[in-house]
Amino acid sequence: MDRPPRPQGVLKTGEPPASVPAGLCATCVHARVLKSDRGMRFYRCSLSDTNPRYARYPTLPVVICEGYENSAECGVRSAE
Ligand code: SF4
0 MDRPPRPQGV
10 LKTGEPPASV
20 PAGLCATCVH
30 ARVLKSDRGM
40 RFYRCSLSDT
50 NPRYARYPTL
60 PVVICEGYEN
70 SAECGVRSAE
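Just so we're aligned: the sequence shown equals residues 0 to 79 in numbering that gives the first Met the number 0.
So this is what it looks like as structure tokens:
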């Protein structure tokens, strides 16, 4: 007998959530990486603290951003 299809958007128990590539935030000096108890990774933009044009938690992946500054070029460790 065939099993019924699993509903879309529902994770199997214990299954880790799919990761979303962070885009520019992954190498930006302004990114702060937060990890949840369930292993999910969130990128917080520190520019949002002083500039309302930037979202606190940008929609990933970020592909264009005026505030982007490469952490390697600034001599700062990567956000990863
Ligand atoms: S400035 Fe742009 S690229 Fe850098 S952390 Fe904020 S949203 Fe991401």
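Cβ atoms here follow ideal geometry from the backbone N, Cα and C, with glycine treated the same way.
C-alpha of Gly-38 to C-alpha of Val-32: approximately 12 Å in a straight line. When DSSP states are grouped into helix, strand and coil, Ala-54 belongs to the coil group. Distances from the CB of Val-61 to the heavy atoms of the ligand SF4 include at least one below 6 Å. Taking C-alpha positions only, Ser-70 is separated from Ser-35 by approximately 23 Å.
Nearest Cα to Ser-47 within the set Arg-40, Cys-64, Pro-60: Cys-64.
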